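Participant:
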Amino acid sequence: MAALVNHFVSLRTKTPRVLAATHFHEIFEGRHVSESPYLTLAHMDIRLDSRVSRPDNQLVYLYRLIPGVSTESFGAICAALSGVDSSVVDRAKTIAHILSSNEDLNAAYTTLDAEDYNRLRDAEDVARRFLNVAPRNLAIGAVGDVGNIRNTLRSVLYEDTGSNCHL
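Here the sequence shown is numbered in full-length UniProt numbering, starting from 1 and rising by one per residue.
#1: Check the C-beta distance from V156 over to R136 and give it rounded, since I have them as a contact under 8 Å.
#2: Quick one: using the 10 Å Cβ neighbour count with 16 as the cut-off for buried, is H5 buried or exposed?
#3: Quick one, which of H97, V52, V133 and M1 has its alpha-carbon nearest F28's?
#4: Quick check: the Cα distance between G68 and G30, rounded to an integer number of angstroms?
#5: When you compare each of L138, A3, R119 and E72 to A42 by their alpha carbons, which one comes out closest?
#6: Taking the beta carbon of V126 as the centre, do at least 16 other beta carbons fall within 10 Å, making it buried, or is it exposed?
#7: Looking at the secondary structure, which residues open and close the alpha helix (DSSP H) in which H97 lies?
#8: Within the same chain, show all residues whose beta-carbon is closer than 8 Å to that of F74, passing over the 5 residues directly before and after it, in chain order.
Here you go:
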């Protein structure tokens, strides 16, 4: 997302009108998007009523466009509304709080049971293998590439580690 926005901004006066939406706030916090007179950031105004216990009643949509980047993320509420198990939502809230407080994330792992720890380790192994895949192995441009990409991704997911990771 950041690369696309930066590309359009680099076109300067030839920049087309682009409307982009994301829940990935880190691209703005990490300065991954360049400031420019050709870029205007805004967000939709939302209020959170934390006195309400049911997630489907907590968000109040004000239908008003506000200049600037949103400082709030309602990912946990959206996940709950989408039917994600409450234990997963609660765990995500805990980790988000730890990250936003600049605390040591290792503290979040102390509450994992052996099964969750092993699943996390398997997922991390898969992520590391994926990051080591050469981009040319994921490029589409010739007949048969989809099959090659599928095989590459299978090898990432099911490398000879005995992992049964289903991401």
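All C-beta atoms in this analysis are idealised placements derived from N, C-alpha and C, irrespective of residue type, glycine included. Computed from a predicted structure; not experimentally measured.
Facilitator: Taking the definition as stated:
#1: Against the sequence shown, residue 156 aligns to sequence position 156. Against the sequence shown, residue 136 aligns to sequence position 136. That belief does not hold up - the Cβ atoms of V156 and R136 are roughly 15 Å apart, past 8 Å.
#2: Taking the sequence shown and counting its residues from 1, one reaches residue 5 at position 5. Correcting the residue type first, residue 5 is Val in the shown sequence and not His. Answer is buried; the Cβ neighbour count reaches 16.
#3: For this step, residue 28 is matched to residue 28 along the sequence shown. The shortest C-alpha separation from F28 is found at M1.
#4: On the sequence shown, position 68 is the one that residue 68 refers to. On the sequence shown, position 30 is the one that residue 30 refers to. Going from the Cα of G68 to the Cα of G30 covers about 15 Å.
#5: Sequence index remark: in the sequence shown, residue 42 carries index 42 (1-based). Ranking L138, A3, R119 and E72 by CA distance to the CA of A42 puts E72 first.
#6: On the sequence shown, residue 126 is found 126 positions in, with the first residue counted as 1. By the neighbour-count rule (16 or more Cβ atoms within 10 Å), V126 is buried.
#7: Indexing the sequence shown from 1 puts residue 97 at position 97. Its alpha helix (DSSP H) spans residues S86 to S100.
#8: Position 74 of the sequence shown, counted from the start, is the residue given in the question as residue 74. These residues qualify, in order along the chain: I46, L48 and L59.
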